[in-house]
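*Asks:*
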Amino acid sequence: MESRGAAGALVGSDGEDQTPKRGTAPGPDQPGPPSRMERLFGFRVEDLASWSSLVALLNRPTDPASLGIFRCLFGLLMAIDVTQERGLSHLDYKYLDGAPVCRFPLFNFLQPLPLDWMYLVYLVMFLGTLGIMLGCFYRLSCLMFISTYWYIFFLDKTAWNNHSYLYGLIGFQLTLMDGNRYWSLDGLRRPSIRNAHVPLWNYTVLRAQIFIVYFIAGVKKLDADWMEGYSMSYLAHHWLFDPFKLLLPVELVSLLVVHGGGLILDLTAGYLLFFDATRPYAFVFVSYFHCMNSQLFSIGMFAYTMLATSPLFCYPDWPRRFFAHFPAFLRAVLPLTSADCQPSTSCVYTDVQSSRAGPQQTPSVAKTSRLRLKHKLGAIFTIIYITEQLFLPYSHFITQGYNNWTNGLYGYSWDMMVHSRSHQHVKITYRDGKTGEIGYLNPGVFTQSRRWKDHGDMLKQYATCLHQLLPRYNITDPEIYFDIWVSINERFQQRIFDPRVDVGKADWSPFQPNTWLMPLLVDLSPWRTKFQEIEGSLDNQTEIVFIADFPGLHLENFVSEDLGNTSIQVLQGSVSVEVVEEKKNYTLQPGEQIKVPAGAYHKVYTVSEDPSCYMYVYVNTTEAVLQEKFSKLSELQERVRNGTETEPLPPELQPLAAPDDDGAAEASATDPVVQLFLKRQRRMKEVRRHREAGVLERLERFAVKKYYTIRRGFLMTAIAMRNLAVGLPPLEQLTKEVAFANMKGPQTDGHQDERLRDEVGHGEL
Numbered sequence: 015m016e017s018r019g020a021a022g023a024l025v026g027s028d029g030e031d032q033t034p035k036r037g038t039a040p041g042p043d044q045p046g047p048p049s050r051m052e053r054l055f056g057f058r059v060e061d062l063a064s065w066s067s068l069v070a071l072l073n074r075p076t077d078p079a080s081l082g083i084f085r086c087l088f089g090l091l092m093a094i095d096v097t098q099e100r101g102l103s104h105l106d107y108k109y110l111d112g113a114p115v116c117r118f119p120l121f122n123f124l125q126p127l128p129l130d131w132m133y134l135v136y137l138v139m140f141l142g143t144l145g146i147m148l149g150c151f152y153r154l155s156c157l158m159f160i161s162t163y164w165y166i167f168f169l170d171k172t173a174w175n176n177h178s179y180l181y182g183l184i185g186f187q188l189t190l191m192d193g194n195r196y197w198s199l200d201g202l203r204r205p206s207i208r209n210a211h212v213p214l215w216n217y218t219v220l221r222a223q224i225f226i227v228y229f230i231a232g233v234k235k236l237d238a239d240w241m242e243g244y245s246m247s248y249l250a251h252h253w254l255f256d257p258f259k260l261l262l263p264v265e266l267v268s269l270l271v272v273h274g275g276g277l278i279l280d281l282t283a284g285y286l287l288f289f290d291a292t293r294p295y296a297f298v299f300v301s302y303f304h305c306m307n308s309q310l311f312s313i314g315m316f317a318y319t320m321l322a323t324s325p326l327f328c329y330p331d332w333p334r335r336f337f338a339h340f341p342a343f344l345r346a347v348l349p350l351t352s353a354d355c356q357p358s359t360s361c362v363y364t365d366v367q368s369s370r371a372g373p374q375q376t377p378s379v380a381k382t383s384r385l386r387l388k389h390k391l392g393a394i395f396t397i398i399y400i401t402e403q404l405f406l407p408y409s410h411f412i413t414q415g416y417n418n419w420t421n422g423l424y425g426y427s428w429d430m431m432v433h434s435r436s437h438q439h440v441k442i443t444y445r446d447g448k449t450g451e452i453g454y455l456n457p458g459v460f461t462q463s464r465r466w467k468d469h470g471d472m473l474k475q476y477a478t479c480l481h482q483l484l485p486r487y488n489i490t491d492p493e494i495y496f497d498i499w500v501s502i503n504e505r506f507q508q509r510i511f512d513p514r515v516d517v518g519k520a521d522w523s524p525f526q527p528n529t530w531l532m533p534l535l536v537d538l539s540p541w542r543t544k545f546q547e548i549e550g551s552l553d554n555q556t557e558i559v560f561i562a563d564f565p566g567l568h569l570e571n572f573v574s575e576d577l578g579n580t581s582i583q584v585l586q587g588s589v590s591v592e593v594v595e596e597k598k599n600y601t602l603q604p605g606e607q608i609k610v611p612a613g614a615y616h617k618v619y620t621v622s623e624d625p626s627c628y629m630y631v632y633v634n635t636t637e638a639v640l641q642e643k644f645s646k647l648s649e650l651q652e653r654v655r656n657g658t659e660t661e662p663l664p665p666e667l668q669p670l671a672a673p674d675d676d677g678a679a680e681a682s683a684t685d686p687v688v689q690l691f692l693k694r695q696r697r698m699k700e701v702r703r704h705r706e707a708g709v710l711e712r713l714e715r716f717a718v719k720k721y722y723t724i725r726r727g728f729l730m731t732a733i734a735m736r737n738l739a740v741g742l743p744p745l746e747q748l749t750k751e752v753a754f755a756n757m758k759g760p761q762t763d764g765h766q767d768e769r770l771r772d773e774v775g776h777g778e779l
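End of the sequence shown sits at 779 in the working numbering; the numbers just go up one at a time, nothing left out.
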């Protein structure tokens, strides 16, 4: 995408170079050379001098080509997104008809429709994306997309994230814009709009939106946790950063490349894309950044959508110059390359004229066509929209009920990847209000989501749902208590909610602070440096968990029999450890430790006036013994295969001599340890084969997986539409139809990659 002349990032020409040729003087009807400000920003100070001049500026006629290409790309990416991240391919698993399910809508009155009708909602959304992509019945298509999209977005807060919010915003913006003026079916149906100018504010709003996404994301990273390298430290272990690890240790890769590089790019990307001189470099770095993100995170179409927005910062006529290089025989199906645009009533045209008084010529005078109501509304919308987008990320003093260790609703804050969390302990306790009986619930019962553990508003919705469902199981007027331990950005594991509060009956308001939210113990943040020193001194088999608790509270914990040699060591404050079976209490001061028995409960009370800090140190003895046996079996297998083993193998070890690809040997193994060893070897070999696969094999695997995913979504949609049209078929027929839709390719069965990573311990993040 070449960039030339003035910057034109917020404003630009219709594709024609308006700069006078060097060495020629302006004629009587030609304006003088552009000022420095006009060369840099594309407008003059005079354009901001009055409301009329500002309206005329924002409605300046602009080439529709770049907007038309973006519209097409956005529609295509959203069509793919509907089948994947929006969930069309697994809609029947997400919306379970008749099942007792706890849901988390933004507004409690929002409920999903019956399953077949939900498929219809998704079909309308998908058809809307196709209409946007093709520019066919453009306004109607945009309305079809955004109405269904925002309904689904508000229906489930657990799926909220910044890029899903961005898709809805862009869809809303395109609804108000003239995105069908270039390379659209509407242009073929209505020649009057084909290749017609669009007002400049169409580009201004989109460019400002993308600038805000980058810049605010950078501002949000001006946080101590990010600056010190604690937010995303695990990313440095990903293979994508291996080239940097040739020059730097992994700690510096995390601090300088992951955190430092991410901060600098977010803060500067919008500015670098804005100016002509820096735009080519911005394209390189931004493209590299988004390609890496597509591999680092499961973020669907976000990386590709952001790549599609980058050309918006080029001159609006870049597609004409780009497609002009294609052979002439392809021109019939490619976008127009002619620079002749039709006038449009959506734009304000300005003529530059000169008046004469005798032999003396007066300066040039700009004559603007009459400003209409639509022009003023376009300018008003631009100003209000950009102001609102700058305000919302910092509006959390209004939505205080959502502030749970992060600022407000995560989905519109652009605080992308600023917080990483790990959960150590989640306990749900209920108490029968009539009998006083106390019991425990499996965390996540009645819901498919896990995000309720981190957000007070969702926890309140979950508790309310449990309060309504538990009476079905003979639990009268239940009280619901949550004990949830979270570590944010590598801090101590600590409680996020008060475990003494019956959340089902507790008050919650979006406009009031959450009173049963426990404060983040930020005063203990400096301990993270000490954590690294302690963890670095341990061997590979020893694990450690750092705990912080509040005065007057206690942790009830059970040590598995697999965890031998488990001890508690106090780092700060005072604790009292109660061993339940022994009915004994031991008080510990900083530096003291005690061993706790395996296979039994114990309680740790914080008895100091300040929060206590302590750590569990343990060894998974079962795993250690198993790894030792695996090492011996591996050595024996190596000796057998290279012929150095002279002793005959006993029957239970003979499968070790079989080739790796012999599945029968694994199945015939009588010793469970040998069978597990062979299974582990086979899985590790598959992992290596996947990682070492060539580009073509990776592409084939990717294409097959996507094909069966999309195929299922469309087949299930067809079944649902048939059900709505003619009613349900016999159960046997419906079962066969669903089984046919569930058919998977040999490489996509059962989420193989995830299983492989689980089997071998750790894989690609």
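Think of the CB as a built atom: it goes at the ideal place given N, C-alpha and C, for glycine as much as any other residue. Keep in mind that this is a model prediction, so the values were computed, not measured.
Suppose only complete runs of 4+ residues qualify. What are the alpha helix (DSSP H) ranges in the region 388–460, listed by chain order?
*Replies:* Here no run is fully enclosed.
*Asks:* Are the CB atoms of F506 and M532 within a distance shorter than 8 Å?
*Replies:* In this structure, F506 does not lie closer than 8 Å to M532 by Cβ.
*Asks:* Taking the beta strand (DSSP E) that H568 belongs to, which residues open and close that run?
*Replies:* Taken as a continuous stretch (DSSP letters only), the beta strand (DSSP E) holding H568 covers 568–573.
*Asks:* For P686, which three-state DSSP category applies?
*Replies:* Of the three classes helix, strand and coil, the one that applies to P686 here is helix, per DSSP.
*Asks:* Taking 8 Å as the threshold (beta carbon to beta carbon), is F255 in contact with chain C?
*Replies:* No chain C is present in this structure, which holds just one protein chain.
*Asks:* What residues in its chain sit with their C-beta under 8 Å from that of T38, if we drop five residues either side in the sequence?
*Replies:* Bear in mind that a pLDDT of 40 at T38, under 50, signals an unreliable position, so the number given afterwards is only what the model happens to contain. Excluding positions up to five away in sequence, the list is empty.
*Asks:* V559 and A612 look like a contact to me (Cβ under 8 Å); what is the Cβ gap, rounded to whole Å?
*Replies:* That pair is no contact at about 15 Å.
*Asks:* How many whole angstroms separate the CB atoms of L137 and M735, which I take to be in contact at a CB cut-off of 8 Å?
*Replies:* L137 to M735, Cβ: 7 Å. Contact.
*Asks:* Work out the CA separation of F411 and C479 for me, nearest whole Å.
*Replies:* Near 28 Å, if we compare the C-alpha coordinates of F411 and C479.
*Asks:* Give the secondary structure of G274 by DSSP, where H, G and I count as helix, E and B as strand, and everything else as coil.
*Replies:* Of the three classes helix, strand and coil, the one that applies to G274 here is helix, per DSSP.
*Asks:* So, at 8 Å on beta carbons, what are the nonlocal neighbours of W215 in its own chain, with the 5 sequence-adjacent residues on each side left out?
*Replies:* Only L72, N73, G392, A393, F395, T396 meet the Cβ criterion.
*Asks:* Alpha carbon to alpha carbon, what distance is there between F327 and F288?
*Replies:* For F288 and F327, the distance between alpha carbons rounds to 6 Å.
*Asks:* DSSP three-state call for Y619: helix, strand or coil?
*Replies:* Y619 falls in the strand class under three-state DSSP.
*Asks:* Would A231 be called buried (16 or more neighbouring beta carbons within 10 Å of its own) or exposed?
*Replies:* By the 10 Å Cβ count, A231 comes out buried.
*Asks:* Considering only the beta carbon of each residue, do R221 and N209 sit closer than 8 Å?
*Replies:* No, the Cβ-Cβ distance between R221 and N209 is not below 8 Å.
*Asks:* Starting from T580, trace the beta strand (DSSP E) both ways and give me its first and last residue.
*Replies:* T580 -> beta strand (DSSP E) spans 577–586.
*Asks:* So what does V212 bridge to, in DSSP terms?
*Replies:* BP columns for V212 point to T76.
*Asks:* Going by DSSP, what residue range makes up the beta strand (DSSP E) through R552?
*Replies:* As written in the sequence, residue 552 is Leu, which differs from the Arg given in the question. Unbroken run through L552: none, as it is neither H nor E.
*Asks:* Give the straight-line distance between the Cα atoms of N737 and V135, rounded to the nearest whole angstrom.
*Replies:* Using only the alpha carbons, I get a separation of about 14 Å.
*Asks:* Where do the ends of the alpha helix (DSSP H) carrying D106 lie?
*Replies:* Run containing D106: 105–108, per the alpha helix (DSSP H) assignment.
*Asks:* When burial is assigned at 16 or more other CB atoms within 10 Å of the CB, is G453 buried or exposed?
*Replies:* Exposed, because fewer than 16 other Cβ atoms sit within 10 Å of the Cβ of G453.
*Asks:* Considering V593, what are the terminal residues of the beta strand (DSSP E) in which it resides?
*Replies:* Note, V593: beta strand (DSSP E), 589–593.
*Asks:* Between T162, F168, N175, which has its C-alpha nearest G786's C-alpha?
*Replies:* As shown, the chain starts at 15 and ends at 779. That puts residue 786 outside it, with no answer to give.
*Asks:* What would DSSP say about G372, mapped onto helix, strand or coil?
*Replies:* The pLDDT assigned to G372 is 45, lower than 50, so where the model puts this residue is not dependable; a value taken from the coordinates is nonetheless given after this. The answer is coil: DSSP assigns G372 none of H, G, I, E or B.
*Asks:* May I ask which residues mark the beginning and end of the beta strand (DSSP E) holding W499?
*Replies:* W499 -> beta strand (DSSP E) spans 493–502.
*Asks:* For A477, which three-state DSSP category applies?
*Replies:* Reduced to three states, the DSSP call for A477 is helix.
*Asks:* Quick one: what does DSSP say S301 is sitting in, helix, strand or coil?
*Replies:* Here S301 sits in helix by DSSP.
*Asks:* Would you mind giving the Cβ-Cβ distance between D95 and G314, rounded to the nearest angstrom? I have them listed as a contact below 8 Å.
*Replies:* Right, the Cβ-Cβ distance comes to about 6 Å (below 8 Å), so this counts as a contact.
*Asks:* Buried or exposed for I146, going by 16 or more other Cβ atoms inside 10 Å?
*Replies:* Looking at its Cβ environment, which holds 16 or more other Cβ atoms inside 10 Å, I146 is buried.
*Asks:* What three-state label does DSSP hand V610 in the structure shown?
*Replies:* Coil.
*Asks:* Roughly how many angstroms separate the alpha carbons of W65 and L385, rounded to a whole number?
*Replies:* If you take the alpha carbons of W65 and L385, they lie about 11 Å apart.
*Asks:* Could you give the residue range of the beta strand (DSSP E) that holds Y600?
*Replies:* Start and end: 598–602.
*Asks:* Taking 8 Å as the cut-off, does the region 536–546 touch the region 592–605 (at least 3 CB pairs, one atom from each stretch)?
*Replies:* No: fewer than three Cβ pairs fall under 8 Å.
*Asks:* Give, in chain order, every unbroken run of the beta strand (DSSP E) that is at least 3 residues long and sits entirely within the region 331–357.
*Replies:* Listed in chain order, nothing qualifies, since the region 331–357 has no complete beta strand (DSSP E) run of 3 or more residues.
*Asks:* Considering Cα atoms alone, identify which of W530, Q482, D521 is closest to D468.
*Replies:* If we check each option's Cα against that of D468, W530 comes out closest.
*Asks:* First and last residue of the beta strand (DSSP E) that includes Y363?
*Replies:* Element bounds for Y363: n/a, residue is neither H nor E.
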